[in-house]
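Numbering (the numbering used here), first residue to last: 1007 to 1367.
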């Protein structure tokens, strides 16, 4: 699990320079007087590469959040923040939420995954229309609108709604203070201006990251639109961000939602067993593993989150005897994983909607 700053720097360099070059190619292709068919092929190749490299950016940001990419906490924090701007998502709040997932992986009573899964009993109590909505909202095709919302809209919306909530809370506090204590309440109000429990961030550090990320992301959108043109930039950018987010949401989902996945409650939950039996390992081509920064070796990652991505493969091989029973998924197995969207808390397992509909209410 030894970290290497030169190797981490090379990973950033070999990811960020190609991204910059590909956006330059977008500009050249977009402003060239080439045949439409040729342009379409060129754009397709460039955008596919941008999607894969953006996915790699997300994986490296994920490492920074674990403090595993560099030795230095400051370097991890700085690189993570910059990668968060490229991914259009505040890294610090995301990493804190991701740490909660690691802490409670396999404990479905505490953490229901990115899709906020229901228990079997909760699902059976729904009306037919709500069961249909539940099914549709967790369909694999929802990865794409969900991916767009996750990166493009949600971080901006969180800041806007959080600021509205703050202003409303303080205005209400000020008015009630005047009503109850008169002008004496002003001094109390001043001292409590920064004392606010938000629904959209948990710490002042998260708020600072959210603010800074949004400012830089919006500035980058403005500058890129001026350079490429609003239409060209937003068509390309939306496609890239939507697809890369969909890929990583998909990977995250299938690495914990699969047939036989460890799914216990508080009483008999085991962190160690959850890492081995509640995390799958993806059997994918080497070139694809490079773009995903070896996150396919997921069981060893959950056993020790401080292992850098560039050491995961070696650590996995070194602990092959320990990991021999861990779930392995091939690409063709991925679609089947999306059927496991209910937690049966009585039998401690994930079940499909088909299985749920066959059980008596």
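Note that CB positions come from ideal geometry on N, CA and C, so glycine has one too. Given the structure is predicted, the values throughout are model-derived calculations rather than measurements.
Have a look at the DSSP bridge pairing and note the partners of residue i.
i: residue 1349; result: 1125, 1356
i: residue 1336; result: 1289
Residue i: which of the options sits nearest, CA to CA?
i: residue 1218; options: 1087, 1063, 1303; result: 1087
i: residue 1060; options: 1148, 1345, 1316, 1296; result: 1296
i: residue 1122; options: 1174, 1026, 1263, 1051; result: 1263
i: residue 1165; options: 1095, 1145, 1143; result: 1095
i: residue 1258; options: 1176, 1285, 1127; result: 1285
i: residue 1249; options: 1008, 1010, 1055, 1042; result: 1055
i: residue 1150; options: 1210, 1136, 1245; result: 1245
i: residue 1159; options: 1045, 1051, 1247; result: 1247
i: residue 1261; options: 1288, 1240, 1100, 1243; result: 1288
i: residue 1324; options: 1345, 1360, 1305; result: 1305
i: residue 1018; options: 1238, 1329, 1081, 1140; result: 1081
i: residue 1343; options: 1097, 1265, 1204; result: 1265
i: residue 1027; options: 1315, 1207, 1214, 1053; result: 1053
i: residue 1327; options: 1349, 1282, 1345, 1294; result: 1282
i: residue 1066; options: 1101, 1046, 1353; result: 1101
i: residue 1051; options: 1351, 1072, 1029, 1350; result: 1029
i: residue 1069; options: 1098, 1232, 1046, 1044; result: 1098
i: residue 1226; options: 1213, 1214, 1240, 1215; result: 1240
i: residue 1025; options: 1290, 1168, 1243; result: 1243
i: residue 1089; options: 1223, 1339, 1351, 1204; result: 1223
i: residue 1152; options: 1320, 1251, 1292, 1044; result: 1251
i: residue 1154; options: 1292, 1140, 1255; result: 1255
i: residue 1008; options: 1329, 1345, 1320; result: 1320
i: residue 1253; options: 1294, 1216, 1230; result: 1294
If we count the other Cβ atoms within 10 Å of its Cβ and call it buried at 16 or more, is residue i buried or exposed?
i: residue 1063; result: buried
i: residue 1145; result: exposed
i: residue 1355; result: buried
i: residue 1308; result: buried
i: residue 1334; result: exposed
i: residue 1023; result: exposed
i: residue 1079; result: exposed
i: residue 1341; result: exposed
i: residue 1057; result: buried
i: residue 1301; result: buried
i: residue 1368; result: The displayed coordinates of the chain run from 1007 to 1367. Any statement about residue 1368 would go beyond what the structure contains.
i: residue 1072; result: buried
i: residue 1274; result: exposed
i: residue 1349; result: buried
i: residue 1129; result: buried
i: residue 1363; result: exposed
i: residue 1322; result: buried
i: residue 1178; result: exposed
Roughly how many whole angstroms lie between the Cα atoms of residue i and residue j?
i: residue 1105; j: residue 1083; result: 15 Å
i: residue 1299; j: residue 1014; result: 11 Å
i: residue 1076; j: residue 1318; result: 15 Å
i: residue 1109; j: residue 1020; result: 32 Å
i: residue 1034; j: residue 1228; result: 19 Å
i: residue 1143; j: residue 1347; result: 11 Å
i: residue 1234; j: residue 1220; result: 21 Å
i: residue 1176; j: residue 1157; result: 29 Å
i: residue 1358; j: residue 1031; result: 45 Å
i: residue 1136; j: residue 1268; result: 27 Å
i: residue 1011; j: residue 1316; result: 11 Å
i: residue 1202; j: residue 1113; result: 31 Å
i: residue 1311; j: residue 1074; result: 8 Å
i: residue 1093; j: residue 1277; result: 30 Å
i: residue 1279; j: residue 1238; result: 49 Å
i: residue 1181; j: residue 1170; result: 16 Å
i: residue 1271; j: residue 1337; result: 29 Å
i: residue 1212; j: residue 1091; result: 14 Å
i: residue 1047; j: residue 1236; result: 21 Å
i: residue 1214; j: residue 1208; result: 11 Å
i: residue 1125; j: residue 1107; result: 18 Å
i: residue 1360; j: residue 1352; result: 17 Å
i: residue 1167; j: residue 1205; result: 9 Å
i: residue 1331; j: residue 1173; result: 53 Å
i: residue 1162; j: residue 1365; result: 42 Å
i: residue 1232; j: residue 1038; result: 17 Å
i: residue 1043; j: residue 1049; result: 10 Å
i: residue 1140; j: residue 1045; result: 40 Å
i: residue 1292; j: residue 1134; result: 44 Å
i: residue 1148; j: residue 1127; result: 24 Å
i: residue 1116; j: residue 1103; result: 13 Å
Is there a Cβ from chain D that is less than 9 Å from the Cβ of residue i?
i: residue 1292; result: Looking at the structure shown, chain D is missing, and only one protein chain is on hand.
Compute every distance between the C-beta of residue i and the non-hydrogen atoms of the ligand HEM, then say whether any falls below 8 Å.
i: residue 1313; result: With respect to the ligand HEM, the structure offers nothing, as it holds no ligand at all.
Ordered list of beta strand (DSSP E) runs contained in the region 1256-1295, each at least 3 residues: 1287-1289
Curious, which full-length alpha helix (DSSP H) runs of at least 4 residues does the region 1104-1187 contain? Complete alpha helix (DSSP H) runs here, min 4: 1126-1130, 1134-1143, 1149-1154, 1160-1187.
Let me know the beta strand (DSSP E) ranges lying completely inside the region 1203-1259, each 3 residues or longer, listed in chain order. none
Sequence ranges, alpha helix (DSSP H) only - wholly within the region 1015-1063, length at least 4: Taking only runs of at least 4 residues, no alpha helix (DSSP H) segment lies wholly in the region 1015-1063.
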